[in-house]
Each structure stands twice: as C-alpha cells, then as structure tokens.
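In full-length UniProt numbering, the protein residues as written are 1 to 450.
C-beta: ideal position from N, C-alpha, C; glycine also.
Inspection log for the structure reproduced underneath, given as structure tokens.
Next up, the structure:
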C-alpha cells in the first residue's frame, strides 16, 4: 500500500467513526505516522505533524464546519505544509543542473527542455558533463527527442570551455539548460567544477537533481549543495519507482530549497511542476483536474474534453482520441486518477497493452462517424461489417465494446456531479469537506477562511 492509499485510509477512519473523540484522533494520527515513516519521512517531522494535528483537532471549527470536517481540514493542511506548496520558478534564462552520479541529471535536462519548449520557449541544452563518457551522446539523444537545440564538444575535457562556447551558440535563445558532471560524493573536485561552470554560464538558477530513493537523506544532500554552490531549487526524479518519494519531498522542503519539478516516469513528458496540494490530492485519490487540463493542453488534445467525460458523455470518438494520445498522456487509468476516481474503476478496464490499444484504434477507424458518437447502434450486423473492414475477428470487436462499456458505466456514475464532488463519491460526511480539496481558493471560499 502506497503513501496515498495509507493516508486515505487514515481519512476514512474519521469518516467511519461513529463519534469523534480524542481516541479517534489518536488512531488517525497513528495511521498517518505509519504512512509517513513508511515513506521514509524523518521521524522528527512525523512527530511534529502529529502534535500539530492533535493540538488543532479540537479547536473551535470555523465557518460553520462540523467537528469531523474541521479535523479532516486540519489533517490535510498539516500534510500539505510539510510537502510544500506550489513554487514556480520566475521565468529562468539560464539553469545549471547539478547532483551526484545516477541522480538523473541528463535525463532531467531533456525533460526540462521539453517542458519549457511546450510553453513557447526557444531552448538550448549544453552538455557540460565531460567526466562521464556516454553523457554527450545521451544528452544529444534526449535533446533530439525533446525537440530542443543541443551543444557539446565531444572529447573536450574542460567543462567551463564547453559552457562558454555553448552560451555563445545559444545567444538568441530564451532559455539555456546546462547539464553537469556528477561524482559519488560532493567532494572538492566536484564543487570546484560546478563553480567554474557557474562562472562561465552566469546562471541565476542552480537546481539540484535528487532521486526519490534518497528519501529523508535528501535533506543532507540538499543542504550540502546549497552551502557549496548555492543551489536554490530541486528536481526529484524516479517518483514513480520509489516508496521513499514522500520522504524526499518533505526533506527538501525542510531545507528551504524549493522542489520545482518531479519526474514521474521514463517518457520524456513524464515530468511536471510540483505543487504539494495537488500532489497530495492526487495520490490520495481526490484527483487533480487542473493537472489533467494542463496535460491535455500541452499535447493539444482539443478533441478530449474532461468536463464532457465527467458528465457521462463518453463515446467511441473520445475513447479513440485518448488511445491516440496514450503515448503522450498515459493510460485511461491515469486520466481517471487525475479526475479523482481511478481507484473505483476495475483494474482490467484500465490495463490495456499498447498492442491492444493499437488494435482498438484500427477497429474504431472502421466505424462510421455515427457509430463512434452513438455506440448503442452496434448490433450484430454492424459488428460483422466493422470486423471485415478492420481485418479482425468478431470476438475482438466485442472485446472492445466490453472494455468501452466498463469505462462508460463508471463515468456515468458521476453524471450530474461537479468536478469537486466527484472526488469523494459515496462519502457523505467527508464528501462535503473533500469537495474543497481541488484548490485552496475554493476551500477558503467554502469555509470563509482568511
């Protein structure tokens, strides 16, 4: 069970309790402690959060909230606080990426380049890692995949020289991202090299790349890099593959070094700006509609409207557009998760292999426009005609229909519900509170908080 599931379980204890008393709060706090320690959050931080929740739990509720709602809010806010809020860097011109061996600097450089390219920036990346033999080729490949400009001097040993030439090359660019070499530890040689690169680059942003598997140890590393080279931001990589990601996020936030981005997968666009509120909402199953809309906008999916899906207007045309965009956006399960009900959809309805999805696309291509918009039209004769046109067996057409109906059935359960109340369908008392978790402004307006 991951961090989000365990925290959600703790919240469910509040919802399911017949009466809210000190014992109930203690049980909830114990669940939260287990969740945070399991995610490698430093015990000192865990107990500080516990104390804050216990102290505030029985304060007078504000804005007409019930005691139950108040405790949920206190708990949620305490968790967001240790994760850190949204901290977007101010229009950077030059970014220096640094870190130890294996942190994922070169991969992050490509992902970061794509992120800013999608936002209209002309981006250039410089290969200043002259220590690792394969670094030049790796960054060159990553830059090509991201569609950003690349500069390096193959075989050159002076990183500072590479950077000086790169800055000249990218004089007309909006943003320069500079990769740098790592070491097994932050030694004098690495510090000296980063300082020389920084002098040649003149970067206003120096970001540390840390793997999520560092967990709470990320705090010491961030502090050391900040002291040595003035690091003022952090990118956490491999968030999808480590149970210690929460610990790394909390640890970096405690140093005062803003966590700007997190890397969530192997694809070049598995990369997103970090916002503690939205991150917590998503991993706990409350959704992140804003994140979904941003993702859809990034890949120009004009034909997929999340609001229409939420209303239950889900047809083969929408299904097809999602299949087309899967390589860029992720599975239907990922979309459902961002809408806040991924856990409620049968696993088999979400886990379709790439080959199967390609097959489904071919089948939908063989449908008429009317059939795509009105799936109920698919009777036996139409299925046979579609199968002939697609070069498929009738059985495959029926498999597509079966998968589609499972998705449609789940989406229909949310018909008539707004984007906020969708997060907590079926949870009456907790639902009123969780409606507000989509954003801070909505929460403040609902509960009339200052």
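Check whether residue i and residue j have beta carbons under 8 Å apart
{"i": "residue 218", "j": "residue 186", "result": "no"}
{"i": "residue 124", "j": "residue 176", "result": "yes"}
{"i": "residue 150", "j": "residue 160", "result": "no"}
{"i": "residue 46", "j": "residue 53", "result": "no"}
{"i": "residue 252", "j": "residue 222", "result": "yes"}
{"i": "residue 129", "j": "residue 179", "result": "yes"}
{"i": "residue 114", "j": "residue 268", "result": "yes"}
{"i": "residue 258", "j": "residue 230", "result": "no"}
{"i": "residue 220", "j": "residue 173", "result": "no"}
{"i": "residue 95", "j": "residue 207", "result": "yes"}
{"i": "residue 404", "j": "residue 316", "result": "yes"}
{"i": "residue 247", "j": "residue 40", "result": "yes"}
{"i": "residue 136", "j": "residue 154", "result": "yes"}
{"i": "residue 71", "j": "residue 57", "result": "yes"}
{"i": "residue 453", "j": "residue 283", "result": "Since the displayed the chain opens at 1 and closes at 450, residue 453 lies outside it and no answer follows."}
{"i": "residue 314", "j": "residue 406", "result": "no"}
{"i": "residue 371", "j": "residue 377", "result": "yes"}
{"i": "residue 23", "j": "residue 13", "result": "no"}
Residues near residue i in its chain [Cβ-Cβ closer than 8 Å; skip 5 each side]
{"i": "residue 264", "result": "239, 240, 270, 271, 272"}
{"i": "residue 50", "result": "29, 32, 33"}
{"i": "residue 19", "result": "none"}
{"i": "residue 429", "result": "Because residue 429 sits at a pLDDT of 34, beneath the cut-off of 50, its placement in the model cannot be relied upon, and the following sentence gives the value as read from the coordinates. Taken in chain order, the residues that qualify are 15, 66, 68, 69."}
{"i": "residue 88", "result": "260, 273"}
{"i": "residue 189", "result": "183"}
{"i": "residue 61", "result": "67, 69, 70"}
6 Å CB neighbourhood of residue i in its chain, flanking five on each side removed
{"i": "residue 276", "result": "80, 83, 84, 85"}
{"i": "residue 400", "result": "360, 363"}
{"i": "residue 138", "result": "106"}
{"i": "residue 6", "result": "35"}
{"i": "residue 66", "result": "none"}
{"i": "residue 390", "result": "362, 363, 366"}
{"i": "residue 320", "result": "364"}
{"i": "residue 152", "result": "127, 136"}
{"i": "residue 42", "result": "216"}
{"i": "residue 17", "result": "24"}
Nonlocal neighbours in the same chain, by C-beta distance under 7 Å from residue i, ignoring five residues either side
{"i": "residue 213", "result": "238, 242, 244"}
{"i": "residue 103", "result": "182, 209, 210, 211, 237"}
{"i": "residue 386", "result": "363, 366, 367, 397"}
{"i": "residue 302", "result": "The pLDDT assigned to residue 302 is 47, lower than 50, so where the model puts this residue is not dependable; a value taken from the coordinates is nonetheless given after this. Hits under 7 Å: none found."}
{"i": "residue 10", "result": "28, 31, 32, 35"}
{"i": "residue 393", "result": "387"}
Candidates the options, of which the one nearest residue i by Cα
{"i": "residue 110", "options": "196, 68, 126", "result": "126"}
{"i": "residue 162", "options": "193, 145, 189", "result": "193"}
{"i": "residue 93", "options": "203, 41, 25, 388", "result": "203"}
{"i": "residue 358", "options": "324, 369, 2, 381", "result": "324"}
{"i": "residue 145", "options": "90, 101, 157, 112", "result": "112"}
{"i": "residue 147", "options": "168, 116, 26", "result": "116"}
{"i": "residue 374", "options": "398, 394, 318, 395", "result": "318"}
{"i": "residue 90", "options": "256, 205, 78", "result": "205"}
{"i": "residue 280", "options": "61, 13, 77", "result": "77"}
{"i": "residue 132", "options": "184, 256, 44, 24", "result": "184"}
{"i": "residue 169", "options": "190, 55, 141, 201", "result": "201"}
{"i": "residue 75", "options": "59, 266, 189", "result": "59"}
{"i": "residue 44", "options": "356, 254, 9", "result": "254"}
{"i": "residue 195", "options": "120, 11, 97, 266", "result": "97"}
{"i": "residue 73", "options": "25, 235, 42, 386", "result": "25"}
{"i": "residue 140", "options": "385, 108, 189", "result": "108"}
{"i": "residue 191", "options": "164, 226, 17", "result": "226"}
{"i": "residue 21", "options": "55, 394, 278", "result": "55"}
Which residues DSSP lists as bridging residue i, in chain order
{"i": "residue 258", "result": "233"}
{"i": "residue 406", "result": "According to DSSP, residue 406 bridges with nothing at all."}
{"i": "residue 205", "result": "95"}
{"i": "residue 124", "result": "149, 176"}
{"i": "residue 272", "result": "262"}
{"i": "residue 467", "result": "Residue 467 lies beyond the stretch modelled for the chain, which goes from 1 to 450, so this question has no answer here."}
{"i": "residue 210", "result": "236"}
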